[in-house]
Structure formats: C-alpha cells, structure tokens
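A.B. asks: Positions 14 to 226 (this note's numbering) are the ones given, in order, by the sequence shown. Backbone N, C-alpha and C fix where the C-beta goes; we use that ideal spot for every residue, glycine too. All values derive from a computational prediction rather than experimental measurement. Okay, handing you the structure first.
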Amino acid sequence: MEILHNVILVDEWAWKKEKNEIFSVKSCYEWLEDIERPTNEGKRTFHCNFVWEPRIPTNVKFFMWSLMWGRILTVDMLQKKGIQIQNRCCLCKTEEESMPHLFLKCRFTMTPWENLLTVHASTRQTLPGWYTVTDMLQSWKDFNSREVTSEIWAILPYALLWTVWRVRNEVIFQGGTADEYKVIQRIKATIWGWLNIAHMAKVANAQCGHLYF
Ligand SMILES: [Zn+2]
C-alpha cells in the first residue's frame, strides 16, 4: 500500500485491434469483416461494402446494416422473440415470411426481380441460386450488365430490397394490397431519385470546392 500511495491510476480506453491501441475505422472494418456470427441465414461474415454504398440514402444504409446482421423484423424473427403471431407472408399470402423468402423467394418479389433482370439473361438464370441477400450482393457485380449504366446497376438491388420492404410494411400497417407492376415502377422511380440526389450532392460539393478553394 505504501508503494501505491503516490501512484495515480487513470482508466483509459484502448483499441486492441491496433498495435498502438488507438481506434481506427480501417481496423474496425477489418474486424467486422472477420467476425463470423450466427444469424437466421446461417454463419457468414459481415460485408461492410454492401452497407456503405455511397449513392444510397442514409436511412437505406441503416436498413442494409440491419439486413446484413439478420435483424430485420420479419414474422419468423418476431416469433423467435416470443411474439405470438401467425406466420403468413403478406405479399404472396401462401408461404411463411422470412428474410430470404421476402426478398428473394416470394412469388410477389420474383416478378420485379425477373422484370428488372431481363436486361441480362445470365443474371436471370442465377436468380434461383440466391439463398441469401448476401449471396445476391456478392455475385451482383459479376453480372454487371452493359445494357444499363453501371451507376443504375450498382444501386438496383438496393432499390428493390428497400421498395419491397416499404411495400410490405404499407400492406401490414396501412392495409390494402400490393401490385407487382406498380412496385416495378416504384423501384425505377427510387433509382432515379437516388441518382438525382447523388448527382446534386456531387454538383454541390464541386461548387463548394470552387467557392472555398
Ligand atoms: Zn411471400
């Protein structure tokens, strides 16, 4: 106790993923990429690049973040949390709702997928092979179509996932039915809107740069 008497101990934060113990976003990303965690889609690694797509709005990035962690509250997830609820997909009204079903396998969702992917036959053939949203996003770039611009191609799956989720919520919380072909138009309008916003942000940044530098 005599030795410790003159020692002042201060608690400090330390980031163990860096040698100097100072936090860096890069090491945090690498750490997230390495994590294997159980989800309702089985074990998989976290893909940060699927979340931080620069041309999608922030609220959609949060949606993608939840999707990548398997935290979207589909009916099967609510049941796992102990909520007593019948599991019936509100879009096809035949199968049980889960993340892979709602976004990839549902008869309703297949229509916009097939309609929007007719631009590239090989992608369309691959559609049934996607068992998880991560599978789809991982293989998406390999099917980069030259029939649409790369900018549209890059955000097309995000627009589809986001629109299906919104339509599903509207059907559940506001009542009514969903129309596959109106959903396709909505996906196209969403892509158009996001690209306009991204373009305006680019122009605004360029103008700010011109003004200040
Ligand atoms: Zn369904």
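Contact check, L104 vs T122 under 8 Å by CB: the rounded distance?
C.D. replies: Going by Cβ atoms, the distance from L104 to T122 rounds to 7 Å, so yes, they are a contact pair.
A.B. asks: Could you name the residues of the same chain whose beta carbon sits closer than 7 Å to that of E31, not counting the 5 residues immediately before and after it, in chain order?
C.D. replies: Excluding positions up to five away in sequence, the list reads S37, S40.
A.B. asks: Within its chain, find whatever has a CB closer than 6 Å to the CB of E108; leave out the 5 residues flanking it on each side and keep chain order.
C.D. replies: If we look at E108 and ignore the five residues flanking it on each side, its Cβ neighbours are C102, H114.
A.B. asks: Within 10 Å of its beta-carbon, does F116 have 16 or more other beta-carbons around it, so buried, or fewer, so exposed?
C.D. replies: With 16 or more other Cβ atoms within 10 Å, it is buried.
A.B. asks: Using only the alpha-carbon positions, how far apart do W26 and M81 sit?
C.D. replies: Cα-Cα distance, rounded: 28 Å.
A.B. asks: Taking 7 Å as the line, does the beta carbon of F121 fall inside it for any heavy atom of ligand 1?
C.D. replies: Answer for F121: yes, Cβ within range of ligand 1.
A.B. asks: Can you tell me whether W175 is buried or exposed? The criterion is at least 16 other CB atoms within 10 Å of its CB, across all chains shown.
C.D. replies: Buried, because 16 or more other Cβ atoms sit within 10 Å of the Cβ of W175.
A.B. asks: Compute the beta-carbon to beta-carbon distance between L173 and L129, rounded to the nearest angstrom, for a pair I have assumed lies under 8 Å.
C.D. replies: Right, their Cβ atoms sit about 7 Å apart.
A.B. asks: For S152, collect the residues of the same chain with a Cβ closer than 6 Å to its Cβ; drop the 5 residues on either side in sequence, then sort them by chain order.
C.D. replies: Here the set comprises nothing.
A.B. asks: Around the Cβ of Y171, are there at least 16 other Cβ atoms within 10 angstroms (buried) or fewer (exposed)?
C.D. replies: Answer is buried; the Cβ neighbour count reaches 16.
A.B. asks: Please classify G206 as buried or exposed, where buried requires at least 16 neighbouring CB atoms within 10 angstroms.
C.D. replies: With fewer than 16 other Cβ atoms within 10 Å, it is exposed.
A.B. asks: Beta carbon of E193: closer than 7 Å to some heavy atom of ligand 1?
C.D. replies: Outside the cutoff, so no.
A.B. asks: Any idea what DSSP makes of Q187, helix, strand or coil?
C.D. replies: Helix, per DSSP.
A.B. asks: Return the CA-CA distance between T145 and W28, expressed in angstroms with no decimal places.
C.D. replies: One C-alpha to the other measures close to 33 Å.
A.B. asks: Going by Cα to Cα distance, which pick from K201, A167, A191 is closest to R120?
C.D. replies: Among K201, A167, A191, the Cα nearest to that of R120 is on A191.
A.B. asks: Hey, how far is the Cα of T162 from the Cα of K118?
C.D. replies: If you take the alpha carbons of T162 and K118, they lie about 26 Å apart.
A.B. asks: Which value, in whole angstroms, describes the spacing of the CA atoms of F75 and G95?
C.D. replies: Spanning the two alpha carbons is a distance of roughly 25 Å.
A.B. asks: Given N53, which residues of its chain have a CB within under 6 Å of its CB, disregarding the five upstream and five downstream residues?
C.D. replies: Confidence in N53 is poor, its pLDDT being 45 and thus under 50, which makes the residue's placement unreliable; the coordinate value appears in the next sentence. G83.
A.B. asks: Is E127 a contact residue of ligand 1, with contact defined as CB to any heavy atom under 7 Å?
C.D. replies: The answer is no for E127.
A.B. asks: Tell me the rounded alpha-carbon separation between D148 and R181.
C.D. replies: Looking at the two C-alpha atoms, the distance is approximately 22 Å.
A.B. asks: Using a Cβ-Cβ cutoff of less than 7 Å, which residues in the same chain neighbour W178 once the five nearest sequence positions on both sides are dropped?
C.D. replies: So the list reads F76, once near-sequence residues are dropped.
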